Amino acid sequence: MPMPTEERVSRLVAGLVAGRGFDLEGVEVSTAAGQTRVRVIVDSDRSADLDSIAELSAQVSACLDDADDEFEAARYLLEVTTPGIDRPLTAPRHWRRARGRKAEITLKPGVEPPEPGLPTRFTARIGVLDDDRIALVLSGKPGPRLASVDLADIARAVVEVEFSPPNARELELAGGVAAGRPPAGVDAAEPTGTAVAASDSTEGTME
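Given below as structure tokens:
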């Protein structure tokens, strides 16, 4: 039996997710062992705790159930989750929320690094976003210092999981961790997608 498409699920839940103060970061639909799994990925500026994710999950489930007549028969398992710590940064809001985190940054071909001698792929702590330019805290000799790069000049950036507390001076220059986000360091080393809640009925029908 056909699966619901990611595009269709996105259209159905986008308004609901936005109305609850979340950004819809993506929808993934997969099938294994005859079971269809619908994964809705959301994020927000505030802390997305398990209670708020569970509440949103119930609402998303009801929304999909109300759309029964728009799908071919398909049994599904719904999962609502937040992105993992190490997800790529692809939008300005991702950079804003990742302030205080360390990231591996790759510049586009032909772009000059923000500091002489720096390679086009380097690690830096994310600072304050000013319009479309991001402040970065570089480490190593001669010590932590600020630089900046246009977002348009970045080919790829991925937040790194840190297993120890960050350098205090680096964090100060970065402006601290964004409000509502978990602290950098040991507490940030959580498995991907820990804030997860399945729908109230683990199997539903979309038609």
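Using UniProt numbering, the first residue of the sequence shown is number 1, and each one after it goes up by one.
Built from N, CA and C at the ideal position, the CB exists for glycine as well.
Here the structure is a predicted model, which is why all the values come from computation and not from measurement.
Close beta carbons around residue i, own chain, < 6 Å, minus the five adjacent residues each side
| i | result |
| --- | --- |
| residue 66 | none |
| residue 148 | 133 and 135 |
| residue 17 | 24 and 42 |
Where residue i falls: helix, strand or coil (DSSP)
| i | result |
| --- | --- |
| residue 72 | Per-residue confidence for residue 72 stands at a pLDDT of 49, beneath the threshold of 50, marking its modelled position as unreliable; no derived number is given. |
| residue 111 | coil |
| residue 151 | helix |
| residue 179 | coil |
| residue 84 | coil |
| residue 102 | strand |
| residue 46 | coil |
| residue 144 | coil |
| residue 162 | coil |
| residue 89 | coil |
| residue 118 | coil |
Check: residue i C-beta below 6 Å from any heavy atom of the ligand SAM
| i | result |
| --- | --- |
| residue 142 | As presented, the structure is devoid of all ligands, the ligand SAM included, so that no description of it is given. |
Range of the contiguous beta strand (DSSP E) that encloses residue i
| i | result |
| --- | --- |
| residue 156 | 154-159 |
| residue 11 | No beta strand (DSSP E) holds residue 11; the alpha helix (DSSP H) holding it covers 6-19. |
| residue 125 | 121-130 |
| residue 41 | 35-43 |
| residue 134 | 133-138 |
| residue 26 | 23-32 |
Sequence-distant residues of the same chain with beta carbon closer than 8 Å to residue i, five excluded per side
| i | result |
| --- | --- |
| residue 146 | 127, 135, 136, 137, 138 and 173 |
Environment of residue i [buried if 16+ CB atoms lie within 10 Å]
| i | result |
| --- | --- |
| residue 102 | buried |
| residue 119 | exposed |
| residue 92 | exposed |
| residue 178 | buried |
| residue 7 | exposed |
| residue 125 | buried |
| residue 72 | Model confidence at residue 72 stands at a pLDDT of 49, short of 50, so the residue's coordinates are unreliable; what they give is reported in the following sentence. Exposed is the call here. |
| residue 14 | exposed |
| residue 52 | buried |
First through last residue of the alpha helix (DSSP H) which encompasses residue i
| i | result |
| --- | --- |
| residue 61 | 50-66 |
| residue 171 | 168-174 |
| residue 93 | 92-97 |
Cut-off 7 Å between Cβ atoms - residues of its own chain near residue i, not counting five sequence neighbours on either side
| i | result |
| --- | --- |
| residue 169 | 144 |
| residue 10 | 24 and 27 |
| residue 150 | 132 and 133 |
| residue 155 | 106, 107 and 108 |
| residue 83 | 25, 41 and 43 |
| residue 183 | 177 |
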